[in-house]
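Residue numbers (the numbering used here): 11 to 954.
Presented below is the structure to which this report refers.
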């Protein structure tokens with residue numbers, strides 16, 4: 011029977027008790043579950059595993075340290091210790107007596123310290139009382155003075171007793187030490203031998219997992235002093251945006267990445283592996299120590315979250331790793347995290363937000379490659395990228411194009427650049443996925459290309475070559491193209507392996523050029539490029555007329571007969587007019603648009619379509635075209651594309667593209683028109699970004715560089731702020747990059763692309779500019795950049811390689827000179843003009859040394875009739891700094907490894923020990939003085 015409710019109760023109490031009991035048990039289970047869930051964290055197991063790894067490593071180190079011990083020597087020392095112990099035991103009574111006497115002395119010292127302190131206090135008090143009584147002429151002043159003098163005397167006597175007791179203490183300690191000397195000495199030797207193993211043993215003991223370890227890390231107790239705990243760094247100079255409030259960045263990645271900043275764990279699996287390039291990143295002595303920069307500053311993600319593997323927003327680097335993580339960690343896309351981690355291969359993208367003032371960042375190899383490709387493909391021309399505004403247009407000027415190529419070539423080139431030159435950097439706008447869907451689309455494109463040709467040729471200014479091609483030696487021309495240094499900017503089809511090694515991109519690949527330009531234009535261009543285009547970066551190699559004609563003869567043989575035979579289709583004028591009506595009706599009715607069209611002549615219609623097509627495809631972004639000055643770039647800005655919300659990337663129907671920023675960017679770079687697939691669009695709305703026919707590797711590198719373009723606000727104290735010298739260097743690097751000086755010259759270990767050709771003998775290539783700002787005088791360097799002359803004339807005669815003359819402005823020359831000075835930390839000038847002052851006998855010794863070291867065997871110019879193989883020392887005074895000459899003489903190999911200049915003072919030993927006592931410093935000083943004295947006060951052999 012159902013029990014009735016008790017009087018006054020609305021519910022059955024038995025039922026309520028059961029419900030309460032059930033809920034209480036449920037609450038208890040929930041509480042226990044919550045505590046266990048909080049306690050049993052995945053990172054705790056990782057830290058326990060790390061302790062085991064560290065313990066095993068220490069055990070191995072102890073084993074190796076024990077192997078290093080000299081067992082025989084240790085046994086002898088232990089035997090000595092036994093003998094010493096017996097000796098000390100024999101002297102036990104004497105030592106005991108001495109220690110008793112020492113105890114009495116220490117007692118007396120303690121007592122005397124009390125007396126000394128009391129008297130010192132009394133002296134201070136009486137001094138204060140007496141000075142007050144004396145200054146106020148009180149009657150007790152004399153009594154106080156007498157008492158003060160008496161206490162000072164007692165204080166002095168106490169200090170003397172203290173000194174005597176301390177001396178006695180030292181003597182007694184010395185006497186006791188003497189009795190134990192043999193034991194102390196042998197124990198120190200044993201301790202020194204066993205110190206390493208002892209320290210390692212202590213470190214190993216700290217890793218014991220004993221009952222105390224269990225208690226310290228037990229639930230409810232582990233808040234006191236746990237061994238296993240979350241590790242973190244708080245970065246005061248870098249912040250995170252948390253709900254509209256910038257707070258110091260907190261990274262706890264090292265909780266699991268236990269040895270990330272410690273050397274010696276490079277062979278461990280993740281997450282216990284040492285960070286690569288520890289001297290650059292994370293290491294305590296690196297330029298980016300973990301305690302100052304953390305982890306997510308570079309890698310992205312949520313560094314403060316350590317709940318589980320997914321909490322930090324890890325992103326797998328490929329599909330294979332994704333499957334592995336899904337199986338091992340139940341990984342899933344972190345959809346709700348705004349800034350996920352970079353994939354491993356894109357981690358260098360994190361450098362960009364802090365290093366904002368330089369294009370190439372030392373150590374960021376992958377990022378630098380991406381930025382190099384951005385420059386190579388001219389991405390910055392169509393898309394604004396903050397910090398790249400100083401770059402020149404990547405394409406040649408079209409202002410005098412009619413004098414360079416014919417209209418037929420122009421049309422076929424614009425239609426399909428790769429059909430003329432497979433290495434062409436000019437991208438393909440036409441015959442792409444989205445504009446070949448119908449015959450009408452293709453014919454409209456043909457109309458646009460015809461109209462663009464007519465418009466650009468109509469705008470072209472007149473130009474007449476100043477030289478006539480007189481014929482030349484093709485074989486010698488081919489040799490000159492390689493020898494003079496053309497390949498630092500141009501690829502050459504007859505030198506495929508060398509071109510691949512250099513991967514030059516500043517100038518076009520020299521393929522088919524004989525089918526592109528006429529010989530008169532080409533020989534004039536080679537002789538003086540600025541004659542055709544004033545702002546060109548193509549330098550003059552100071553070619554003789556014969557050399558210019560020989561190179562022209564060779565280049566004119568590089569033809570593309572198939573391309574020459576191509577005929578471009580005529581314009582369909584009906585489609586031309588249809589396109590124009592579409593343009594005109596953008597802000598008017600179709601009827602008004604047709605009336606406007608009817609009022610125009612046939613030529614006006616063609617030029618109008620040409621003008622609008624140039625604007626439509628953004629030709630002006632890469633090429634200088636009359637009438638388009640001041641126009642904004644055609645493409646969207648990429649300055650903050652790395653922070654662009656994923657929802658704003660249009661993936662359209664391309665479901666095979668990974669749904670991520672890098673997935674979209676990479677797919678877009680490989681095929682920009684793919685997003686029109688499966689979409690019905692009118693001709694006017696088709697995507698227009700051209701196809702650069704990039705390789706996957708190139709697209710990957712550019713993707714990395716663009717991912718670094720983020721909107722993150724890094725506080726000024728967290729940004730790499732250039733100091734005065736670094737800022738000057740950055741400005742100078744803009745100039746040397748503009749003119750591709752780095753294509754030939756290696757600057758302090760970086761760049762020097764063309765040197766790859768001379769890998770067998772690097773001295774046959776352009777000189778490496780190491781510490782150049784210290785090497786040369788600033789005024790000479792400025793003069794040289796405007797008045798280039800051969801410093802190694804024999805080298806030019808033998809190899810043909812020569813420094814070209816660039817069309818530099820005075821400001822650009824100043825920036826280059828200042829850059830090298832700043833990189834070397836040098837003053838503007840070093841005074842070499844002062845008269846050389848010789849010490850007695852020093853000049854005679856210098857001449858003897860100059861002859862004995864056979865300096866003229868290489869530096870023959872002006873000394874002998876032999877062919878020189880090293881620079882003329884008669885111009886050293888104006889060209890070189892005295893301090894650098896001394897540095898170079900001391901050890902040339904230390905400055906420039908592989909140089910042909912020998913070291914005459916290797917390891918501090920002179921090769922001429924009989925001169926100036928064989929003292930290297932005196933010999934180098936004397937030789938430097940002699941070089942400066944024989945020098946002429948000229949910038950160059952031609953200078954007056």
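The beta-carbon is built from N, C-alpha and C at its ideal position, and this holds for glycine as well.
As the structure is a computational prediction, the values presented were derived from the model and not from experiment.
(request) Leaving out five residues on either side along the sequence, give the residues of the same chain with a beta carbon under 6 Å from the beta carbon of residue 349. (result) As a working mapping, residue 349 is identified with position 339 in the chain shown. Same-chain partners within the cutoff: 310.
(request) Taking residue 241 as the reference, give the member of 254, 269 and 557 with the closest Cα. (result) Translated into positions along the chain shown, residue 241 becomes position 231. Among 254, 269 and 557, the Cα nearest to that of residue 241 belongs to 269.
(request) Kindly indicate which three-state DSSP category residue 944 falls into: helix, strand or coil? (result) Residue mapping note: residue 944 aligns to position 934 of the chain shown, counting from 1. Three-state result, residue 944: helix.
(message) Going by DSSP in three states, residue 177 sits in which element: helix, strand or coil?
(response) Counting from 1 along the chain shown, the entry for residue 177 is found at position 167. Residue 177 falls in the helix class under three-state DSSP.
(message) Distance check for residue 202 and residue 174, CA to CA, integer angstroms please.
(response) As a first step, residue 174 must be located in the chain shown, where it is residue number 164. As a first step, residue 202 must be located in the chain shown, where it is residue number 192. Going from the Cα of residue 174 to the Cα of residue 202 covers about 36 Å.
(request) Inspect the beta-carbon positions of residue 391 and residue 406 and report whether they are closer than 8 Å. (result) Position 381 of the chain shown, counted from the start, is the residue given in the question as residue 391. Position 396 of the chain shown, counted from the start, is the residue given in the question as residue 406. Not a contact, by the Cβ cut-off of 8 Å.
(message) Taking the straight line between their C-alpha atoms, what separation do you get for residue 12 and residue 227?
(response) For this step, residue 12 is matched to residue 2 along the chain shown. For this step, residue 227 is matched to residue 217 along the chain shown. Reliability of the predicted coordinates at residue 12 is poor, the pLDDT of 49 falling under 50, and the value obtained from them is presented with this limitation in mind. When rounded, the distance between both Cα atoms is 52 Å.
(request) With distances taken Cα to Cα, identify the nearest neighbour of residue 462 among 418, 496 and 447. (result) Here the question's residue 462 lines up with position 452 in the chain shown. Nearest option by C-alpha distance: 418.
(request) Specify, as a first and last residue, the run of the alpha helix (DSSP H) that residue 247 falls within. (result) Sequence index remark: in the chain shown, residue 247 carries index 237 (1-based). Counting along the chain, residue 247 falls outside any alpha helix (DSSP H), though it belongs to the beta strand (DSSP E) covering 243 to 251.
(request) Note down the Cα distance separating residue 284 from residue 238, rounded to an integer number of angstroms. (result) Here residue 284 refers to the residue found at position 274 of the chain shown. Here residue 238 refers to the residue found at position 228 of the chain shown. Computed Cα separation, rounded: 20 Å.
(request) Determine the closest residue to residue 956 out of 798, 807, 739 and 912, with distance taken between C-alpha atoms. (result) What the structure shows of the chain is the stretch from 11 to 954, and residue 956 is not part of that stretch, so it cannot be assessed.
(request) Have a look at 918, 199 and 579 and flag the residue whose alpha-carbon is nearest the alpha-carbon of residue 452. (result) Sequence index remark: in the chain shown, residue 452 carries index 442 (1-based). Closest by alpha carbon: 579.
(request) Please state whether DSSP places residue 743 in a helix, a strand or coil. (result) One-based indexing of the chain shown puts residue 743 at position 733. If DSSP states are grouped into helix, strand and coil, residue 743 belongs with the helices.
(message) Quick check: the Cα distance between residue 215 and residue 225, rounded to an integer number of angstroms?
(response) To locate residue 215, count along the chain shown from 1; it is residue 205. To locate residue 225, count along the chain shown from 1; it is residue 215. Each residue's alpha carbon lies about 17 Å from the other.
(message) Please state the DSSP three-state secondary structure of residue 427.
(response) Reading the chain shown from its first residue, position 417 is the one you call residue 427. Of the three classes helix, strand and coil, the one that applies to residue 427 here is helix, per DSSP.
(request) Please list, in chain order, all residues of the same chain as residue 581 whose beta carbon is under 6 Å from its beta carbon, the five residues on each side excluded. (result) What you label residue 581 is simply residue 571 of the chain shown in a count that begins at 1. Excluding positions up to five away in sequence, the list reads 457 and 460.
(request) Could you check what DSSP says for residue 950 in three-state terms: helix, strand or coil? (result) Your numbering for residue 950 matches position 940 in the chain shown. Residue 950: coil per DSSP, three-state reduction.
(message) Suppose contacts are defined by Cβ-Cβ distances below 8 Å. Is residue 643 in contact with residue 393 by that definition?
(response) The residue you call residue 643 lines up with position 633 of the chain shown. The residue you call residue 393 lines up with position 383 of the chain shown. Yes, the Cβ-Cβ distance between residue 643 and residue 393 is below 8 Å.
(message) Using CA atoms only, rank isn't needed, just tell me which of 356, 570 and 107 is closest to residue 379.
(response) Translated into positions along the chain shown, residue 379 becomes position 369. Here the closest residue by C-alpha is 356.
(request) Would you mind reading off the limits of the beta strand (DSSP E) that contains residue 437? (result) Within the chain shown, numbered from 1, the residue matching residue 437 stands at position 427. No beta strand (DSSP E) contains residue 437, which DSSP labels as neither H nor E.
(request) May I ask you to report which of helix, strand or coil DSSP gives residue 261? (result) Locating residue 261 in the chain shown gives position 251, counting from the first residue. Residue 261 falls in the strand class under three-state DSSP.
(message) Looking only at its chain, what residues have a beta carbon closer than 6 Å to the beta carbon of residue 132, apart from the 5 residues adjacent to it on each side?
(response) In the chain shown, residue 132 corresponds to position 122, counting from 1. For residue 132, where only same-chain residues beyond five positions count, the Cβ hits under 6 Å are 161.
(message) At the level of alpha carbons, what is the spacing between residue 316 and residue 46?
(response) In the chain shown, counting from the first residue as 1, residue 316 sits at position 306. In the chain shown, counting from the first residue as 1, residue 46 sits at position 36. Cα to Cα, the separation comes out at about 16 Å.
(message) Helix, strand or coil, according to DSSP, for residue 936 in the structure here?
(response) Here residue 936 corresponds to residue number 926 of the chain shown, with the count starting at 1. The answer is helix: DSSP assigns residue 936 an H, G or I state.
(request) Report, in whole angstroms, the separation of the C-beta atoms of residue 894 and residue 784, which I expect to be a contact under 8 Å. (result) Start at 1 with the first residue of the chain shown, and residue 894 comes out as number 884. Start at 1 with the first residue of the chain shown, and residue 784 comes out as number 774. That belief holds up - the Cβ atoms of residue 894 and residue 784 are roughly 5 Å apart, short of 8 Å.
(message) Give me the residue from 923, 874 and 759 with the minimum Cα distance to residue 373.
(response) The residue you call residue 373 lines up with position 363 of the chain shown. Selected option, being the one with the closest Cα: 759.
(request) For residue 395, name the three-state secondary structure that DSSP assigns. (result) Residue numbering aside, residue 395 sits at position 385 when the chain shown is read from its first letter. Coil at residue 395, not helix or strand.
(request) Please state whether DSSP places residue 115 in a helix, a strand or coil. (result) To locate residue 115, count along the chain shown from 1; it is residue 105. The answer is helix: DSSP assigns residue 115 an H, G or I state.
(message) Suppose only complete runs of 4+ residues qualify. What are the alpha helix (DSSP H) ranges in the region 140 to 173, listed by chain order?
(response) none
(request) Count the other CB atoms, across all protein chains shown, that sit within 10 Å of the CB of residue 252; report buried if there are 16 or more and exposed otherwise. (result) As a position in the chain shown, residue 252 is number 242, starting the count at 1. Classification for residue 252: exposed.
(request) Would you list the one or two residues that DSSP bridges to residue 805? (result) Here residue 805 is taken as the residue at index 795 of the chain shown, counted from 1. For residue 805, which the question treats as bridged, DSSP gives no partner whatsoever.
(request) Measure from the alpha carbon of residue 771 to the alpha carbon of each residue in 907, 343, 860 and 834, then state which is nearest. (result) If you number the chain shown from 1, residue 771 lands on position 761. For the residues 907, 343, 860 and 834, the minimum Cα distance to residue 771 belongs to 907.
(message) Run through the DSSP bridge pairs and tell me what residue 291 is partnered with.
(response) Residue mapping note: residue 291 aligns to position 281 of the chain shown, counting from 1. Note: residue 291 sits in a beta bridge opposite 298.
(request) Just mark residue 41 as buried or exposed, buried being the case when its beta carbon has 16 or more other beta carbons within 10 Å. (result) Within the chain shown, numbered from 1, the residue matching residue 41 stands at position 31. When all chains shown are included, residue 41 counts as exposed.
(message) If you reduce the DSSP assignment to three classes, tell me which class residue 761 lands in.
(response) In the chain shown, counting from the first residue as 1, residue 761 sits at position 751. Looking at residue 761 - three-state DSSP - the assignment turns out to be strand.
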